[in-house]
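Keeping their order, the protein sequence lines are chains F and W.
Under my numbering, the first residue of the first sequence is numbered 21, with each subsequent residue one higher.
Under my numbering, the first residue of the second sequence is numbered 100, with each subsequent residue one higher.
Cβ coordinates follow ideal geometry from the N, Cα and C atoms, glycine included.
Please read these numbers as outputs of a predicted model, since none were measured by experiment.
Heads up: the structure comes next, in structure tokens.
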Amino acid sequence: MSAQTRTASEKADFKRELTEVVPHLRAFARGLCGRADMADDLVQEALLKAWAAQERFEPGTSMRAWTFVILRNAYLTDMRRNRFRGEYDENVAERILTAPASQEEPIHLSDLHRALLTLPPERREALLLVGAGGFSYEEAANICGCAVGTIKSRVGRARAALNSMLADGAIPQRSLEDDGAHRAILEELEDVAAGNGSSARP
Amino acid sequence: MTAKKEKDGKPVQPEQRTTSPKPAEMPGWAAGLRRLYDSVVDEEIPDNFRDLISKLDKDD
């Protein structure tokens, strides 16, 4: 797809904004799929798709929200192709754990990261968008193409699951490598994908 | 390609009325979740991303 109807100046603006959201795309992707290398592959894929679709971006609107939709759709497609197993990235957790803490952290971030990756994908993404990315429920609902109430419910369930896992210390070690768990996740993904795009097509 | 047509609804508008969880409602690990995210945001962007973006125009 070409972007020939955009002026050079508009394309330059688009490119600058796209560059600015790369760190956020990387953070969202890392949260979604866990592995740093796979997350970066996903971001590169999303950047190429965003560039190809730039005529659909309305200048002045949120580039971060727009590109998150593209990243999310690429992730769901790849998940269905079985590329990601939501593997826990030991290196990232290790590095974060050894980084100087700005304040006392009652929860080990490695536990939190692992617990996050055991959540069903639609709850994990909802929690990431609202709890980490700082999106409002309304913005998150737009990104996921679902109702605001659905997002609130997903965030609530994700928080309840994390509260319980982190309180009990009962975090499944490798639940996503278990075939049964993986099948269940793929089934949930079908539901997520089915609700795709009703209100948030990029 | 997942993006097929113009979205019919309005895109996310910064001025629209929005709601977010109240800080008091968030449990103790919420700050950790933000730090996981922010730690990646604060990373230096790898060179391959800069290379990819710098090549975008040339493919048109």
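Can you tell me the Cα-Cα spacing of residue i and residue j, whole angstroms?
i: residue 183/F; j: residue 38/F; result: 35 Å
i: residue 153/F; j: residue 171/F; result: 14 Å
i: residue 30/F; j: residue 130/F; result: 42 Å
i: residue 145/F; j: residue 41/F; result: 17 Å
i: residue 147/F; j: residue 33/F; result: 30 Å
i: residue 77/F; j: residue 187/F; result: 43 Å
i: residue 169/F; j: residue 149/W; result: 38 Å
i: residue 181/F; j: residue 157/W; result: 47 Å
i: residue 96/F; j: residue 134/W; result: 25 Å
i: residue 71/F; j: residue 53/F; result: 22 Å
i: residue 163/F; j: residue 91/F; result: 10 Å
i: residue 155/W; j: residue 68/F; result: 8 Å
i: residue 135/F; j: residue 88/F; result: 22 Å
i: residue 139/F; j: residue 178/F; result: 7 Å
i: residue 60/F; j: residue 132/F; result: 21 Å
i: residue 118/W; j: residue 26/F; result: 35 Å
i: residue 130/W; j: residue 80/F; result: 30 Å
i: residue 45/F; j: residue 63/F; result: 6 Å
i: residue 138/W; j: residue 149/F; result: 15 Å
i: residue 137/F; j: residue 143/F; result: 10 Å
i: residue 155/F; j: residue 175/F; result: 12 Å
i: residue 75/F; j: residue 142/W; result: 30 Å
Using beta-carbon positions only, say whether residue i and residue j come within less than 8 Å of one another.
i: residue 43/F; j: residue 152/W; result: no
i: residue 94/F; j: residue 65/F; result: yes
i: residue 73/F; j: residue 136/W; result: no
i: residue 132/W; j: residue 151/F; result: yes
i: residue 185/F; j: residue 141/F; result: no
i: residue 167/F; j: residue 161/F; result: yes
Classify residue i as helix, strand or coil using the three-state DSSP reduction.
i: residue 166/F; result: coil
i: residue 128/F; result: coil
i: residue 148/W; result: helix
i: residue 128/W; result: coil
i: residue 141/W; result: coil
i: residue 153/W; result: helix
i: residue 156/F; result: coil
i: residue 75/F; result: helix
i: residue 80/F; result: coil
i: residue 113/F; result: For residue 113/F, the predicted structure reports a pLDDT of 49, less than 50, and the residue's modelled location is therefore unreliable. The matter cannot be settled from this model.
Mark residue i as exposed unless 16 or more other C-beta atoms lie within 10 angstroms of its C-beta, in which case mark it buried.
i: residue 127/W; result: exposed
i: residue 147/W; result: exposed
i: residue 28/F; result: exposed
i: residue 101/F; result: exposed
i: residue 50/F; result: buried
i: residue 55/F; result: buried
i: residue 36/F; result: exposed
Which two residues bound the contiguous alpha helix (DSSP H) that contains residue i?
i: residue 41/F; result: 28 to 53
i: residue 97/F; result: 83 to 100
i: residue 141/F; result: 141 to 147
i: residue 69/F; result: 56 to 72
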